[in-house]
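Taking it in order: structure first as structure tokens, then the write-up.
2 protein chains.
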Amino acid sequence: MSQIYNRVALIGLGLIASSMFHAIKRAGLAGEVTGYARSEETRDTAREIGLCDRVCDSAVEAVEGADLVVLCVPVGVMGAVAAEIAPALKPGATVSDVGSVKAQVIAAVAPHLPDGVHFVPAHPVAGTEHSGPRSGFAELFDNRWTLIVPPPGSDRSAVERVEALWQGMGALTDEMDAEHHDLVLAVTSHAPHLIAYTMVGVADDLRRVTDTEVIKYSAAGFRDFTRIAASDPTMWRDVFLNNKEATLEILGRFTEELFALQRAIRTGDGDHLHAYFTRTRAIRRGIIEAGQDTDAPNFGRSNRG
Amino acid sequence: MSQIYNRVALIGLGLIASSMFHAIKRAGLAGEVTGYARSEETRDTAREIGLCDRVCDSAVEAVEGADLVVLCVPVGVMGAVAAEIAPALKPGATVSDVGSVKAQVIAAVAPHLPDGVHFVPAHPVAGTEHSGPRSGFAELFDNRWTLIVPPPGSDRSAVERVEALWQGMGALTDEMDAEHHDLVLAVTSHAPHLIAYTMVGVADDLRRVTDTEVIKYSAAGFRDFTRIAASDPTMWRDVFLNNKEATLEILGRFTEELFALQRAIRTGDGDHLHAYFTRTRAIRRGIIEAGQDTDAPNFGRSNRG
Numbered sequence: 000m001s002q003i004y005n006r007v008a009l010i011g012l013g014l015i016a017s018s019m020f021h022a023i024k025r026a027g028l029a030g031e032v033t034g035y036a037r038s039e040e041t042r043d044t045a046r047e048i049g050l051c052d053r054v055c056d057s058a059v060e061a062v063e064g065a066d067l068v069v070l071c072v073p074v075g076v077m078g079a080v081a082a083e084i085a086p087a088l089k090p091g092a093t094v095s096d097v098g099s100v101k102a103q104v105i106a107a108v109a110p111h112l113p114d115g116v117h118f119v120p121a122h123p124v125a126g127t128e129h130s131g132p133r134s135g136f137a138e139l140f141d142n143r144w145t146l147i148v149p150p151p152g153s154d155r156s157a158v159e160r161v162e163a164l165w166q167g168m169g170a171l172t173d174e175m176d177a178e179h180h181d182l183v184l185a186v187t188s189h190a191p192h193l194i195a196y197t198m199v200g201v202a203d204d205l206r207r208v209t210d211t212e213v214i215k216y217s218a219a220g221f222r223d224f225t226r227i228a229a230s231d232p233t234m235w236r237d238v239f240l241n242n243k244e245a246t247l248e249i250l251g252r253f254t255e256e257l258f259a260l261q262r263a264i265r266t267g268d269g270d271h272l273h274a275y276f277t278r279t280r281a282i283r284r285g286i287i288e289a290g291q292d293t294d295a296p297n298f299g300r301s302n303r304g
Numbered sequence: 000m001s002q003i004y005n006r007v008a009l010i011g012l013g014l015i016a017s018s019m020f021h022a023i024k025r026a027g028l029a030g031e032v033t034g035y036a037r038s039e040e041t042r043d044t045a046r047e048i049g050l051c052d053r054v055c056d057s058a059v060e061a062v063e064g065a066d067l068v069v070l071c072v073p074v075g076v077m078g079a080v081a082a083e084i085a086p087a088l089k090p091g092a093t094v095s096d097v098g099s100v101k102a103q104v105i106a107a108v109a110p111h112l113p114d115g116v117h118f119v120p121a122h123p124v125a126g127t128e129h130s131g132p133r134s135g136f137a138e139l140f141d142n143r144w145t146l147i148v149p150p151p152g153s154d155r156s157a158v159e160r161v162e163a164l165w166q167g168m169g170a171l172t173d174e175m176d177a178e179h180h181d182l183v184l185a186v187t188s189h190a191p192h193l194i195a196y197t198m199v200g201v202a203d204d205l206r207r208v209t210d211t212e213v214i215k216y217s218a219a220g221f222r223d224f225t226r227i228a229a230s231d232p233t234m235w236r237d238v239f240l241n242n243k244e245a246t247l248e249i250l251g252r253f254t255e256e257l258f259a260l261q262r263a264i265r266t267g268d269g270d271h272l273h274a275y276f277t278r279t280r281a282i283r284r285g286i287i288e289a290g291q292d293t294d295a296p297n298f299g300r301s302n303r304g
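Just so you know, the sequences run in chain order E and G.
Here the first sequence stands for residues 0 to 304, where the numbers follow numbering that gives the first Met the number 0.
Here the second sequence stands for residues 0 to 304, where the numbers follow numbering that gives the first Met the number 0.
Here it is in structure tokens:
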């Protein structure tokens, strides 16, 4: 793979940025990768583990001379970071981001960017429940989708370079408009996360069942919820506050369906339940065929010898 | 490990029974294991793959002379199977089961059993989303909990032999009364399954987001729900119909909490969300420390190189 950008700046050094660094290096996609994190502790860790070619003590320093600046900070602070770096951006540079929400991020970031700077929002649909500079790894994006969400009228060559970078990092790419992105992600990610957080919270609250019991008997389904519910609290708070409409819409539909199934349980309508559960199996099959998960039992957890 | 039973009969040859057979053989826990499944196709498969030392064409034939009979059928048919085999049970034999619900199973099975036959209900808290005679493997129960739920006044030596069998198959064991078992499992398994089924159903229903999109972008959380929602429909229909009260109680609390979080999103109460999400992380940590899941990102799915 050949170099796509001379210099890339990563602002925020968590799971996604650290994985990007390793994936960029693996494929030789950039001449230099600079990095900045607000917390001094994170910057020290980054220097210690060799995360980024150069760790800077300010966002402005990190973006100076960069051809691509990627905002890898929680969705709620994207606008403030954009305002801070705007004066230091190189003419002709591209700004991108990795936020899980797009419409609000575009609204928050775009007004700050000077003329002649391109804005190409992106969202790698990949992650783990871990966070911080040590959590990244080069393979995170391999065979996972990254959605490119260019605002109308975007410069095509700038968009295609960002796509090429993601493909170079191992990702599949698609383009989508911001509103549709936010609805799709409300279904595939935001609502499931809120539901998982809720169920884990209920288990923790219930006095008649101890936390020890919940933990010991979690293999029966609950542990998959806890993985989701262990994700970064700040990131997720910002996701929900910034994709409010779509998330609430999906949760509304979810509650409606849940009530219908609860009613079937209460009235003993076994046929309704069986038909519903049979239908949901097909989606799982589609995900495995699309290569987005493994068919190994329990995701291939180690019990399978 | 030495032999615990001379002859064990497995009635129903799905994931749990086939895993039991392999685990029993691995440790030499029984002299002979007979098996029976209602479907001729399943019996043929079992014979073809060497599942059970002897596959019988009737449940009565399978249980004749058995020291332990384990009912591995959906919860809804436990009573009918018990009635069928009761006349053929050897005096002094033990009947057990592996159902995910205990109070209703005890109520359905116990009245059919003749005097002098022991009844020791059990529930291995382990599973995968796969089902059928080919899905079993010897390691399924390793380091997972099996709950033994003896009715009051049970013969202690019969109880301890069942416990020893499960420990021999690699499981950790605990005793619990039926009512508490059903509440604990409603939290750790039954409610999470219904919620996962519901969310997958909502995604499938939504016209504005295609199934292809849901499948492609499932890595963002949704795929964990689909694994749970791919479990056997008949088994789960029976679980919900037979653990109605506890499941509906937990779902009621879940809905209440979900509404509180939805309200926090609507009103923009970020502090409430952040505090809630921080609390749920601790439970995940407990599950990893208790050895009930892996700390590898994404459950160690293959992306982690």
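Using N, Cα and C, we set each Cβ at its ideal position, and we do this for glycine too.
Residues in the same chain with beta-carbon distance under 7 angstroms from HIS21 of chain G, minus the five sequence neighbours each way, listed in chain order, please. GLY135, PHE136, ALA137
Between the alpha carbons of MET19 of chain E and GLU178 of chain E, how many angstroms are there, rounded? 25 angstroms
Classify SER17 of chain G as helix, strand or coil using the three-state DSSP reduction. helix
Which residues bound the beta strand (DSSP E) around VAL68 of chain G? 67-70
Reference VAL104 of chain E, options E:PRO149, E:GLY115, E:SER130, E:LEU14, closest by Cα: E:PRO149
Bridge partners - LEU171 of chain E, DSSP secondary structure assignment: E:TRP144
Could you spell out the range, first to last residue, of the alpha helix (DSSP H) harbouring PRO191 of chain E? 190-204
Measuring CB to CB, does LYS101 of chain G end up less than 8 angstroms from PRO73 of chain G? no
Where does ALA170 of chain E land, buried or exposed, given buried means 16+ other C-beta within 10 angstroms? buried
Contact defined as beta carbons within less than 8 angstroms: I believe ALA218 of chain G pairs with VAL124 of chain E. What is the distance between those atoms, to the nearest angstrom? 6 angstroms
Buried or exposed (CB count within 10 angstroms, at least 16 for buried), ILE10 of chain G: buried
C-alpha distance - SER99 of chain G paired with ALA185 of chain G, whole-angstrom precision: 10 angstroms
Within 8 angstroms, strictly: CB atoms of GLY269 of chain G and LEU240 of chain E: yes
Proximal residues of chain E, C-beta to C-beta of GLU174 of chain G below 8 angstroms: Simply none; closest approach about 13 angstroms.
Taking the alpha-carbon of LEU14 of chain E as reference, which of E:THR209, E:ARG37, E:GLY126, E:ALA79 has the nearest alpha-carbon? E:GLY126
If we cut at 8 angstroms on Cβ distances, does GLU162 of chain G have a partner in chain E? no
Unbroken alpha helix (DSSP H) runs of length 4 or more, entirely within the segment 222-262 of chain E: which are they? 232-241
Partner residues on chain E for ARG155 of chain G, Cβ-Cβ distance less than 9 angstroms: Within chain E, no residue comes near ARG155 of chain G; the closest Cβ sits about 23 angstroms away, beyond 9 angstroms.
Is it buried or exposed for ASN242 of chain E, if we count other Cβ within 10 angstroms and need 16 for buried? buried
Apart from the five residues on each side of it in sequence, which residues of its chain come closer than 7 angstroms, Cβ to Cβ, to ARG25 of chain E? ALA137
Cβ neighbour criterion (16 or more within 10 Å) applied to SER17 of chain E: buried
Only counting runs of 3 or more residues, tell me where the beta strand (DSSP E) segments fall wholly within the segment 22-57 of chain G, in order along the chain. 29-35
Going by C-alpha distance, which of G:LEU193, G:THR41, G:PHE118 is nearest ILE249 of chain G? G:LEU193
Need the endpoints of the beta strand (DSSP E) that THR93 of chain E sits in, please. 93-96
Quick one: is GLN2 of chain G buried, meaning 16 or more other Cβ sit within 10 Å of its Cβ, or exposed? exposed
Any idea if ILE48 of chain E is buried or exposed, counting beta-carbon neighbours within 10 angstroms, 16 or more meaning buried? exposed
Please determine, among G:ASP56, G:GLY167, G:ALA65, the residue with the shortest C-alpha to C-alpha distance to ASN142 of chain G. G:GLY167
So, under 8 angstroms CB-CB, ALA195 of chain G and PHE253 of chain G are touching, yes? Tell me the CB distance rounded to an integer number of Å. With 8 angstroms as the limit, ALA195 of chain G and PHE253 of chain G do not qualify as a contact, their Cβ atoms being about 12 angstroms apart.
Please classify HIS117 of chain G: does DSSP put it in a helix, a strand, or coil? strand
So, helix, strand or coil for ARG207 of chain E, using DSSP? coil
Short Cβ contact (8 angstroms threshold) for GLN291 of chain E with LYS89 of chain G: no
Can you check which of these residues, G:GLY78, G:GLU83, G:ALA79, G:PRO113, is closest to THR93 of chain G by C-alpha distance? G:PRO113
Using a C-beta cutoff of 8 angstroms, does GLN261 of chain E count as contacting chain G? yes
Using 8 angstroms as the threshold, is the segment 195-215 of chain G in touch with the segment 43-62 of chain G, meaning 3 or more CB pairs across them? no
Using CA atoms only, rank isn't needed, just tell me which of E:LEU272, E:ILE23, E:ASP223, E:ALA229 is closest to THR279 of chain G. E:ALA229
Residue-chain proximity (TYR4 of chain G, chain E), Cβ-Cβ < 8 angstroms: no
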